[in-house]
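For the sequence shown, position 165 (counting from the first letter as 1) is numbered 165 according to UniProt numbering, and the numbering increases by one without interruption.
Think of the CB as a built atom: it goes at the ideal place given N, C-alpha and C, for glycine as much as any other residue.
Contents: one structure, followed by commentary.
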Amino acid sequence: MAHENPTSPNAIPPRKSSHGMVAATAPAHPISMAEKPILRPLPEENWISSRRRQTTTLLPPPEDLKDLGNDLIHQTKQPWNVEKEKILLAPYDYLYGHPGKDIRSQLIAAFNKWLKVPPDSLSIITKVVGMLHTASLLVDDVEDFSSLRRGVPVAHNIFGTAQTINSANYIYFVALQELSKLNSPDSLLIYTEELLNLHRGQGMDLYWRDTLTCPTEADYLEMVHNKTGGLFRLAIKLMQAESSVKIECLPLVNTIGLLFQILDDHLNLSTYTSAKGFCEDLTEGKFSFPVIHAMRADPSSLVLISILKQKPTDEDVKKYAVAYMDSMGSFEYSKKCIMELNNKAHTFVEQLESQLGSEGKEGAEGIRHICDKMVEKLQEPVVKV
């Protein structure tokens, strides 16, 4: 039998006019002194909750403390479990469940046509690079005050900033643990070197943003070489350490890293994407490649640096900034740089293909395809005011 929800003993009486009449929402009638009073006693348990409260049973402390913590002290019990691991990995798993372009895995597969890394080692390297990339994005989104990543809310807006940072840091060490399964003694050195580079690049990027300092183009390219190029190099250097094929891939890898980031900067400001919105780099106050060119083209102008200082969210302001950069020739300049880097990448591919002979054709075709596919996006028109 259904029970009606009892009303609170402090129910608000119907509103009455100054002459003692009930408000128009109820049938008007004079107040009768014989009426039952509105405020009447009602047992508290009837209206606070209709169900029994759930409480945690607290056990009393043990009387004998001699065994306190013995299972941990002597390591006779494994204190970690799957449920706790799931808690730590929640922010990471959330972002990992919304995959991005995954260009790093594509490059690993293409370069492996040349390097022929043993399958078990290749699987570990691919996994480690994916883990590091996802973890670095978790931190990037916190540091950039982002709201969207891959078309969904950023992890720290769901799980909290502290838990997200801890999850990302945890993954750095889980990846390192995974790396210990490789045969090469150089893997730890490679890992350490490139993670240092990644943090050096990120640190400079944040410094320029937070101090409103426009870097030189050379400083910007060095930052990209460290930050974006770091994970590309990490992957290929680990592959080279596990491979019996000895070829020099790093000039090509470094070129692809620069190409990838300048293209990303160009597209972020010139097109709209549902994954990150419109001109998110402006909202973050980021000194990206087109922004640096526009500021250097006319150092006396305060327009763009003033807009960056505001970290605008208004689309009209951002469209004005885009139009200003377009008038400075910044998008045309970044296009030329992207095409030049793509040509350099093709040159390095041809050299390596020639060096490997018939063994080099398949890998060369794969890498060319990846580079050309990236550059195809330049055909999208610049957003106009």
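DSSP lists no bridge partner for Pro251.
The C-beta distance from Leu231 to Leu341 rounds to 18 Å, too long to fall under 8 Å, and the pair is not in contact. The beta carbon of Ile171 lies closer than 6 Å to those of Tyr92, Met131 and Ala135 in the same chain, with the five residues before and after it left out.
Here Arg149 carries a strand assignment [DSSP, helix/strand/coil]. Annotation: the continuous alpha helix (DSSP H) that includes Gly203 extends over Ser187 to Thr211. With 16 or more neighbouring CB atoms inside 10 Å of its own CB, Asp326 falls in the buried class. One Cα belongs to Val139, the other to Ser358, and the distance between them is close to 43 Å. Shown here, Phe287 sits in coil according to DSSP, grouped into three states, outside any helix or strand. In this model, Val82 and Asp141 are separated by some 27 Å (Cα to Cα).
Classified as exposed, Asn343 has fewer than 16 neighbouring CB atoms from the shown chains inside 10 Å of its CB. With respect to the C-alpha of Leu212, the residue from His225, Glu194, Ser306 and Ala294 having the closest C-alpha is Ser306. Ser288 and Asp281 have their C-alpha atoms roughly 7 Å apart.
A straight-line Cα-Cα distance of about 23 Å links Asp264 and Ala364. Taking 9 Å as the cut-off, the Cβ atoms of Arg149 and Ala235 do not count as close. By the CB criterion at 9 Å, Ala321 and Pro312 fall inside the cutoff. Of Leu88, Glu332, Gln177 and Pro62, the smallest CA-CA separation from Ser270 is found for Glu332. Looking at Gln351, His74, Val174 and Glu350, the one whose alpha-carbon comes closest to that of Leu88 is Val174. Straight across, the Cα-Cα distance linking Ala294 with Leu304 is about 8 Å.
Distances from the alpha-carbon of Met204 to those of Thr161, Glu143 and Leu189 put Glu143 closest.
Taking Ala345 as the centre and dropping the five residues before and after it, the same chain places the C-beta of Leu252, Thr255, Ile256, Leu259 and Cys371 closer than 7 Å to its C-beta, in chain order.
Minimum Cα-Cα distance from Pro119 among the listed residues Asp102, Leu182 and Asp67 corresponds to Leu182. Of Leu65, Leu115, Ile158 and Lys101, the smallest CA-CA separation from Met239 is found for Leu115.
Put simply, the backbone Cα of Ser180 is about 8 Å away from that of Ser187. Comparing C-alpha distances from Ile292 to each of Lys319, Ser330 and Lys318 shows the shortest one belongs to Ser330. When only Cα atoms are considered, Lys66 and Leu72 end up about 13 Å apart. Taking all protein chains shown into account, Leu58 has fewer than 16 neighbouring C-beta atoms within 10 Å of its C-beta and is therefore exposed. The beta carbons of His266 and Lys319 sit no closer together than 9 Å. Taking 8 Å as the upper bound for CB-CB distance, Arg200 and Asn226 are in contact here, some 5 Å apart.
Around Pro79, the same chain offers Leu72 as residues with beta carbons nearer than 7 Å, after the five sequence neighbours per side are excluded. For Lys336, the uninterrupted alpha helix (DSSP H) run begins and ends at Ser330 to Leu356, by DSSP.
Rounded to whole angstroms, the Cβ separation of Phe145 and Glu362 is 43 Å, and the two are not in contact under 8 Å.
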